[in-house]
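Plus 53 on top of the position in the sequence shown (first one is 1) and you've got this note's numbering. Glycine residues also receive a C-beta, built at the ideal position from the N, C-alpha and C atoms. On a predicted model such as this, the values are computed, not experimentally measured, just so you know.
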Amino acid sequence: MNIKYKIFKHARILGIATLMLTGQSCSDLLDEKVISGIGNDYINTPKGFEDAVSAAYSTLRYYYGTQQGLTMTEYGTDIYATGADGGYKGFHFYDTQLNPTVDYLANTWDELYRGVNTCNAIIGRAPAATVTDAIKKVRVAEAKFLRGHYYFILFQQWGGVDLRLTETLSPTKTTKRATEAEMYSAIIKDLTEAIADLPNSSTQYGRATKPAAEMALAKVYLAKAYSAQKAADDFSKAATLCTSVINNYGFKLLDDFASVFDENNQKNSEIVFAVQYTSDLLTNLTNNTGSVNGGNNLHLFYGMQYDVQAGMQRDIVNGRPFKRLRPTTYCTDVVFGERVNDSRYKKTFKDTWYSNKPGTYNTAFDDSKTSVTFASGDTAIFIPGYEMSKADRAKKKYQVLVPSKYSEALFPTLRKFFDTKRPDMTYESGSRDYFVFRLADTYLMLAEAQLGAGNKQAATDAINMVRRRAAWPGKQSAMEVTSNDMTFDLVVEERARELVGEQTRWMDLKRWGNLVERVQKYNPQAAANVKASNLVRPIPQTQIDRSEGGNTGFSQNPGY
54 MNIKYKIFKH ARILGIATLM LTGQSCSDLL DEKVISGIGN DYINTPKGFE
104 DAVSAAYSTL RYYYGTQQGL TMTEYGTDIY ATGADGGYKG FHFYDTQLNP
154 TVDYLANTWD ELYRGVNTCN AIIGRAPAAT VTDAIKKVRV AEAKFLRGHY
204 YFILFQQWGG VDLRLTETLS PTKTTKRATE AEMYSAIIKD LTEAIADLPN
254 SSTQYGRATK PAAEMALAKV YLAKAYSAQK AADDFSKAAT LCTSVINNYG
304 FKLLDDFASV FDENNQKNSE IVFAVQYTSD LLTNLTNNTG SVNGGNNLHL
354 FYGMQYDVQA GMQRDIVNGR PFKRLRPTTY CTDVVFGERV NDSRYKKTFK
404 DTWYSNKPGT YNTAFDDSKT SVTFASGDTA IFIPGYEMSK ADRAKKKYQV
454 LVPSKYSEAL FPTLRKFFDT KRPDMTYESG SRDYFVFRLA DTYLMLAEAQ
504 LGAGNKQAAT DAINMVRRRA AWPGKQSAME VTSNDMTFDL VVEERARELV
554 GEQTRWMDLK RWGNLVERVQ KYNPQAAANV KASNLVRPIP QTQIDRSEGG
604 NTGFSQNPGY
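So this is what it looks like as structure tokens:
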């Protein structure tokens, strides 16, 4: 049973949303319709209250599984560099292109506040809603989970923001930037209260649950543990929450890493919280203008330009390659350098393309031969992942792409988000769910928390759960580390190996405070520009302009 969102119309007030009201079509499917122009008492009805809660989830679909969310979480890190195409490269380079007028910043800011205000309306109007106390309790808890989560994204991306905890009913220019202490206090309070009242599971897949809120709060405590607001028990609190998620709800790591991202196995035992997408065009209305370009479209952005190479043309199976991101040398050679015992390089990156355009062609990137001839289904391109000699390449009947020939157009392609259920090869919208929280991340968070708390053996035990699952058959013991190996650097690289491409990396580096150091060391494109001020984004100019006093009333982040 899924939550599906059908967004028909946005109603906004100065970028802070008016209440989105919805219609629910059946008991096991949240079917969202955003309606404006309805009296404020609608939310007090049983249907209106349920519809408002359904609407509160829609902001997740703007941020997760989308180019704007990807741009703000994977660009400009140690493991990804630019591909040949696309804009918004200031997020990669940390140059003057990253400035307060960038639309992704303003749109994401507005969308998150729209979600916050919908949650505020639910929480504030709940006492008057004519629903049972039991339903009211759970729905308010869902709204607190979502509000806490939205504010955490805002906080991590921009620092202290305007902390509004009551519904905004009319235009206002009165704004104020909250302190870090105020932000952490509000977010922790929301998620703690959500945990107390949320159920362990839900018959409607996609609703917030107790373990989802516990994992969200654990992420907050981990971030706080490295911040100026850190407390001595932040790591231990995060560890307790992660342990609860692992032990109390029946989640289980799948035996095979690749199966986690099998598009036919999306509701699996590893998924703690997922954002729902469908193949319905109306569901895929996700951006601020209502354009149909949505769904989970991450399948577009990690692909190399296979479709103009010898023996190849674009098809549904191999995807439409937008070439937005390519792995850094550090990512391919160090993070995924060990491949004898660890299966994740092979299962994370596509290395073989089979000809779908038979014929004889001149070669392009493989200088070991001058031409190649393919029948349908023959290997056309192979990426060995190491510098195969020219003599060995010459023995192959296909082109071999070696690391020295990688470019912004040709590179190992992330396979996690391939979507073969699109109706045609040009179709951009995807129908796959987006996994916000999964159990392997929980184990890695537990390892980090236990290490931070000084419990090296417990940290080792947690990280070995992920490493054993990643092993090739029979190599589980070889993948295990000892407590002597359990270092912070291992956590940093293990999170990259397991979670590459999953909208976590920038947030991780920001949390750890090592973004500048690691970008300078491993991302040559940004090394000259990245600086401490890049640990937060520029406040959208639209927000400053609509605040009383402008930059004096709502200050811009330093450096922008």
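Counting pairs of Cβ atoms below 8 angstroms between the segment 368-383 and the segment 421-441, do you hit three or more?
Result no; under three Cβ-Cβ pairs closer than 8 angstroms.
Using the three-state DSSP reduction, which class does residue 433 fall into: helix, strand or coil?
Strand at residue 433.
Let me know the secondary structure DSSP gives residue 452 once reduced to three states.
Strand.
DSSP on residue 593, reduced to helix/strand/coil?
Three-state DSSP puts residue 593 in coil, outside helix and strand.
Using CA atoms only, rank isn't needed, just tell me which of 259, 235 and 136 is closest to residue 111.
The residue with the shortest Cα to Cα distance from residue 111 is 259.
Within a Cβ cutoff of 7 angstroms, which residues of the same chain sit near residue 575, ignoring the five residues on either side of it in sequence?
Contacts found: 131, 381 and 383.
If distances are taken between C-alpha atoms only, which option among 485, 251, 539 and 243 comes closest to residue 497?
Residue 539 is the option with its Cα nearest to residue 497.
What runs of the alpha helix (DSSP H), each 4 residues or longer, lie entirely inside the segment 231-286?
List check, alpha helix (DSSP H) in window: 233-250 and 263-278.
From residue 439 to residue 527, what does the alpha carbon distance come to, in whole angstroms?
Taking the straight line from one Cα to the other gives about 24 angstroms.
Since residue 129 is in the beta strand (DSSP E), which residue starts that stretch and which ends it?
No beta strand (DSSP E) contains residue 129, which DSSP labels as neither H nor E.
If you pair each beta-carbon of the segment 184-204 with each one of the segment 238-249, do three or more pairs fall below 8 angstroms?
A contact exists between the segment 184-204 and the segment 238-249.
Helix, strand or coil: which one does DSSP assign to residue 304?
Correct three-state label for residue 304: coil.
Using C-beta distances below 7 angstroms, list every residue in its chain close to residue 560, excluding the 5 sequence neighbours before and after it, in chain order.
So the list reads 126 and 209, once near-sequence residues are dropped.
When the Cα atoms are used, what is the spatial distance from residue 409 to residue 351?
In a straight line, the C-alpha of residue 409 is about 23 angstroms away from that of residue 351.
Express the C-alpha separation of residue 149 and residue 611 in angstroms, rounding to a whole number.
Answer to the nearest angstrom: the Cα atoms are 14 angstroms apart.
If you draw a straight line from the alpha carbon of residue 296 to that of residue 499, how long is it in whole angstroms?
Straight-line Cα distance between these residues: approximately 7 angstroms.
How big is the Cα-Cα spacing for residue 474 and residue 311?
Each residue's alpha carbon lies about 18 angstroms from the other.
Apart from the five residues just before and just after residue 316, which ones in its own chain have a Cβ nearer than 8 angstroms to its Cβ?
471, 472, 473, 474 and 485, listed in sequence order.
Just the Cα atoms here: how many angstroms apart are residue 169 and residue 265?
Residue 169 and residue 265: Cα-Cα distance of roughly 18 angstroms.
Only counting the same chain, and skipping five residues up and downstream in sequence, which positions put a Cβ closer than 8 angstroms to that of residue 405?
So the qualifying residues of the chain are 432, 434, 435 and 436.
How long is the line joining the alpha carbons of residue 182 and residue 221, rounded to whole angstroms?
Looking at the two C-alpha atoms, the distance is approximately 18 angstroms.
So what does residue 411 bridge to, in DSSP terms?
The partner list for residue 411 (beta bridge, DSSP) is empty, contrary to what the question assumes.
Using 8 angstroms as the limit for Cβ to Cβ distance, is residue 359 near chain D?
The chain inventory of the structure shown lacks chain D, comprising one protein chain alone.
Can at least three beta-carbon pairs, one atom from the segment 549-567 and one from the segment 391-407, be found at a separation below 8 angstroms?
Yes, the segment 549-567 is in contact with the segment 391-407.
Can you tell me whether residue 148 is helix, strand or coil according to DSSP?
DSSP places residue 148 in coil when its eight states are reduced to three.
Spatial neighbours of residue 301 within its chain, please: C-beta separation below 8 angstroms, excluding the five flanking residues on both sides.
So the list reads 253 and 264, once near-sequence residues are dropped.
Since I believe residue 290 is in contact with residue 283 (beta carbons under 8 angstroms), could you give me their beta-carbon distance rounded to a whole number of angstroms?
11 angstroms between Cβ atoms; not a contact.
Which whole-angstrom value is the C-beta distance of residue 481 and residue 353, which I expect to be below 8 angstroms?
At roughly 6 angstroms, the Cβ-Cβ gap stays under 8 angstroms, so residue 481 and residue 353 are in contact.
Buried or exposed: which applies to residue 366, given that a residue is buried once 16 or more other Cβ atoms fall within 10 Å of its Cβ?
Residue 366 is exposed by the Cβ-count criterion.
Using C-beta distances below 7 angstroms, list every residue in its chain close to residue 414, excluding the 5 sequence neighbours before and after it, in chain order.
Closer than 7 angstroms at the Cβ level, and outside the excluded window around residue 414, lie 363, 364, 424 and 425.
Could you give the DSSP three-state label for residue 405: helix, strand or coil?
In this structure, residue 405 counts as strand in the three-state DSSP scheme.
Exposed or buried, what is residue 598 when buried is set at 16 or more other beta-carbons lying within 10 Å of its beta-carbon?
Exposed, since its Cβ has fewer than 16 Cβ neighbours within 10 Å.
Can you give me the C-alpha to C-alpha distance between residue 179 and residue 348, rounded to a whole angstrom?
Answer to the nearest angstrom: the Cα atoms are 31 angstroms apart.
Kindly indicate which three-state DSSP category residue 487 falls into: helix, strand or coil?
Note: residue 487 maps to strand in three-state DSSP.
Determine, using beta carbons only, whether residue 395 and residue 523 come nearer to each other than 8 angstroms.
Yes, they are a contact pair.
Where in the segment 136-209 do unbroken runs of the alpha helix (DSSP H), each at least 4 residues long, occur, reported from the N-terminal end onward?
Correct list: 143-146 and 156-178.
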